[in-house]
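Right, one structure below, let's go through it.
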Amino acid sequence: MLESVKIKNAVVREVLAELLGTFVLVLFGNTVLAVLTFDKAGNAGYGAAFWGWGLALTLGVLVAGGVSGAHLNPAITVAVTTVGKFSWRKIVPYMVAQYLGAFIASVILFLTYRGALDNFDGGVRAVTGANATAGIFASYPKEFVSTGNGLVDQIVGTALLVLAILAITDSRNMAVPQGVQPLFIGFALGAVILCFGYNCGAPLNPARDLGPRVFTAMAGWGGEVFSFRDYNWFWVPIVGPHIGAIVGAWLYTLAVELHWPGASYDMESGNPVSAKDDAYNAQPVSQCEIENAIQMRGIKQCEIKN
């Protein structure tokens, strides 16, 4: 019976995995922010955000990594495509899945914690003020952070995150075992949050911000989630991460990955082709291994037909 609903189209499977992986990432991550908001007397602070978002990304990668490469972030999808690690034709389906996954996660979070929300704000959904709860779902900067400052913040944070991810998944660098790559990727996000989360919470992910922001506009917080600061903020967590991700991807590619002995790249085909030379005791590479290698995180599993 289940065999009849099995999806055979590879792209559809990848898109579905991206949706589910992003759902897991945003649901776990934003739920941590909800708990921190409701428990004002608690002392968890950034420590909870570090572990919550770091483990959220780890779980998201574990859910989707073997199928889609677990981008879980439109900025990462676009960035790795610009350096030839991903096919241009998959960008739109991946991004739609990521935004939708984040939106659905917001719905589930709202339904789960609706009672806590009402208890905290008395049913008055606020974007700013002592009882503001919009920040559970999307990012809002501290008062002293200007739009330009916030944009720089997002560019720097996302660039460092992508650079770290590419280093972790580069088999020719420190050769981090695939099984523990998701954990180290989660640590990388946690490090960025600890170091760069003060200004505006380090969203670093357009889907994680815009999807929930759209939901809050529909669920009682109203148009202020977009009109905040005269419409001069909501675009920052979208544009900034895209710029930063591209900077981080190209920085790692040009500074490290491009220069491995024996490495070559076929940018015209949209995918990199890298081969180790004799100095690295090269072994024959199967077609499956090549297909897996072109995935952003290097942890996609190819189906092998006997």
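Note that our numbering has the sequence shown beginning at 7, numbered continuously upward.
Glycine residues also receive a C-beta, built at the ideal position from the N, C-alpha and C atoms.
Cβ-Cβ distances below 8 angstroms link threonine 43 to Phe126, Thr139, Gly141, Ile142 in the same chain, with the five nearest sequence neighbours on each side left out; the list follows chain order. Classified as buried, proline 188 has 16 or more neighbouring CB atoms from the shown chains inside 10 Å of its CB. When the beta-carbon positions are compared, glycine 66 and leucine 117 stay at least 8 angstroms from each other. Distance between valine 245 and leucine 157, taken at the CA atoms: about 8 angstroms. Leucine 169 places its beta carbon less than 8 angstroms from that of glycine 254. Its Cα nearest to that of leucine 260, the residue Leu172 stands out among Leu172, Gly53, Lys14, Arg19. A straight line joining the alpha-carbon of valine 242 with that of valine 113 spans about 23 angstroms. Its Cα nearest to that of glutamine 104, the residue Leu33 stands out among Phe202, Leu33, Arg178. Collapsing the DSSP output to three states places alanine 136 in coil. One alpha carbon belongs to methionine 180, the other to asparagine 15, and they sit about 34 angstroms apart.
Taking C-alpha positions only, phenylalanine 190 is separated from tyrosine 258 by approximately 17 angstroms. As the crow flies, the alpha-carbon of asparagine 36 is around 11 angstroms from that of alanine 54. The C-beta separation of phenylalanine 232 from alanine 225 comes to about 14 angstroms, leaving the pair out of contact by the 8 angstroms criterion. Restricted to the stretch 211-274, the alpha helix (DSSP H) segments that are unbroken, complete and at least 4 residues in length are 212-224, 230-237, 242-261, listed in chain order.
Here glutamate 149 carries a coil assignment [DSSP, helix/strand/coil]. The alpha-carbon separation between glutamine 184 and serine 145 amounts to approximately 32 angstroms. DSSP, read as helix, strand or coil, puts proline 183 in coil. Taking the Cα positions, valine 84 is about 17 angstroms away from alanine 23. Boundaries of the alpha helix (DSSP H) harbouring methionine 101: 97-118, taken from the DSSP string. Short of 6 angstroms from the beta carbon of isoleucine 199, and not among the five residues preceding or following it, lie these beta carbons of its own chain, in chain order: Ala55, Phe56, Trp59, Ala208.
Distance between lysine 91 and phenylalanine 234, taken at the CA atoms: about 37 angstroms.
Distances from the CA of leucine 216 to each of Val262, Gly107, Thr134 were compared; the closest alpha carbon is that of Gly107.
By the Cβ neighbour-count rule, proline 80 is buried, with 16 or more other Cβ atoms within 10 Å of its own.
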